[in-house]
């Protein structure tokens, strides 16, 4: 008996996916739940286990092909089944899009055109005197440009080096289709830009927070993330979702962390970050970033976020105005820490200064609410002990 394994809906309303890797070949023996291939959805790369045991008898979808949910990917049958691997998608696959590979673009030497030599009169080309500056003649020879093909722009008809640029080869360009994670990011940013939002920011002395982070062996991002959770508990409107019918205030803080990956920007989140202490929060951050950079973030890790942090400090950027992650009401941007002259008491001294900015949904969060939230974060960064009084 031959079983066909079709592309399943791996969650969140998946409609199609691109097959990026086959883990098996025809003739391989597989057991139930063995990983047989990887697909790229709009959110991440997902490994697919087989629900059948047996021998791979036929691979129906080649790598680089995008197919709808429900399309048969592979046939698994008995050892004596006929096996084959398609080099191109079968003609009956619905709505299939294939990314061509370099190996498929080979020329066929057996189909070279013949050169026919005629006996008629040869073409007679009229010649003209070409006037050109010596530098233009030299440049034309170096670039392989026929001066007869160059149109002079000067009134006297003399060709200059500037005229050569008009007939030079155009620069090479490449086209990359937008798909997968990058396509999802583009769609999310378009949706986010439609939301009326405001960005406010403040610079603050982070010297004591840096000292605390070093003393307890934690990163600055972890400490500010913990401070953000505390501020969200004090200002629940920032930890909410706006809909046409009303505003949902979330009891738990699912803290999203914007992560740049080779496939594009994703925002996985730490579930119930408000329940984690500093050590557990840093461990969760490490795991989240490692999985994201490896391209293994699962779709369920990228939904149900309630607030996001984006850290652009490692790139040396002081601040930014981030867009909201769809479905959330706020996003905090952490800039680079830099030595700055700072007023402490009556003296100006060098301090470690950081800029934090907050973008919030202005449909239900006004300037006062957003400012109070950011003020609390700034106070905690300036004096970490303030968190104990909240």
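Residue numbers (full-length UniProt numbering): 1 to 390.
All C-beta atoms in this analysis are idealised placements derived from N, C-alpha and C, irrespective of residue type, glycine included.
The model shown is predicted, which means the values in this text are computed figures rather than measured ones.
Straight-line Cα distance separating residue 259 from residue 323: If you take the alpha carbons of residue 323 and residue 259, they lie about 14 Å apart.
DSSP three-state assignment for residue 242, whether helix, strand or coil: Of the three classes helix, strand and coil, the one that applies to residue 242 here is strand, per DSSP.
Residue closest to residue 253, alpha-carbon to alpha-carbon, out of 178, 20, 231: The shortest Cα separation from residue 253 among 178, 20, 231 belongs to 231.
When 179, 381, 160 are compared against residue 222, the one with the closest alpha-carbon: If we check each option's Cα against that of residue 222, 381 comes out closest.
Cβ distance (whole Å) where residue 345 is taken to contact residue 335 below 8 Å: 25 Å between Cβ atoms; not a contact.
At least 3 beta-carbon pairs within less than 8 Å: the stretch 280 to 287 vs the stretch 19 to 32: No: fewer than three Cβ pairs fall under 8 Å.
Residues near residue 300 in its chain [Cβ-Cβ closer than 7 Å; skip 5 each side]: Within its own chain, the residues whose Cβ lies closer than 7 Å to the Cβ of residue 300, once the five positions on either side in sequence are excluded, are 11, listed in chain order.
Residue 183 versus 16, 386, 197, 208, residue with shortest Cα-Cα distance: Of the listed residues, the one whose Cα sits closest to residue 183 is 16.
Residue closest to residue 314, alpha-carbon to alpha-carbon, out of 304, 308, 337: The option with the nearest alpha carbon to residue 314 is 337.
Of the residues 195, 54, 388, 73, the one placed nearest residue 62, counting alpha carbons only: Ranked by Cα distance from residue 62, the first of 195, 54, 388, 73 is 73.
Residues near residue 290 in its chain [Cβ-Cβ closer than 7 Å; skip 5 each side]: Closer than 7 Å at Cβ, skipping near neighbours: no residue.
contact_flag[the stretch 199 to 217, the stretch 50 to 61] where n(CB pairs < 8 Å) is 3 or more: Taking a cut-off of 8 Å for Cβ pairs, the stretch 199 to 217 and the stretch 50 to 61 do not touch, as fewer than three such pairs fall below it.
Chain-order list of residues whose beta-carbon lies under 7 Å from that of residue 47 (same chain, five-residue window excluded): So the list reads 35, 38, once near-sequence residues are dropped.
CB of residue 139 within 7 Å of CB of residue 161, strictly: Closer than 7 Å, so yes.
Between the CA atoms of residue 185 and residue 227 - distance to the nearest angstrom: When rounded, the distance between both Cα atoms is 28 Å.
Bounding residues of the beta strand (DSSP E) (the contiguous stretch that carries residue 38): Boundaries of the beta strand (DSSP E) around residue 38: 35 to 40.
Unbroken alpha helix (DSSP H) run spanning residue 340, endpoints: Run containing residue 340: none in the alpha helix (DSSP H); it sits in the beta strand (DSSP E), 338 to 344.
Inter-residue CB distance, residue 305 and residue 267 (contact presumed, cutoff 8 Å): Going by Cβ atoms, the distance from residue 305 to residue 267 rounds to 6 Å, so yes, they are a contact pair.
Endpoints, the alpha helix (DSSP H) within which residue 323 is located: Secondary structure note for residue 323: it is in no alpha helix (DSSP H), with a DSSP letter that is neither H nor E.
Ranges of the beta strand (DSSP E) found wholly within the stretch 244 to 309, counting only runs of at least 3: Here the runs fully enclosed are 246 to 249, 255 to 257, 259 to 261, 264 to 266.
Residue environment, residue 378, which counts as buried when at least 16 other CB atoms sit within 10 Å: Looking at its Cβ environment, which holds 16 or more other Cβ atoms inside 10 Å, residue 378 is buried.
Option in 4, 372, 41 with minimal Cα separation from residue 235: Comparing Cα-Cα distances from residue 235 to each of 4, 372, 41, the minimum goes to 372.
Simplified DSSP state of residue 215, which is helix, strand or coil: Reduced to three states, the DSSP call for residue 215 is helix.
Residue nearest to residue 436 in terms of C-alpha spacing, selected from 310, 347, 383, 276: The structure shown does not extend to residue 436, since the chain is modelled only from 1 to 390, so the question has no answer here.
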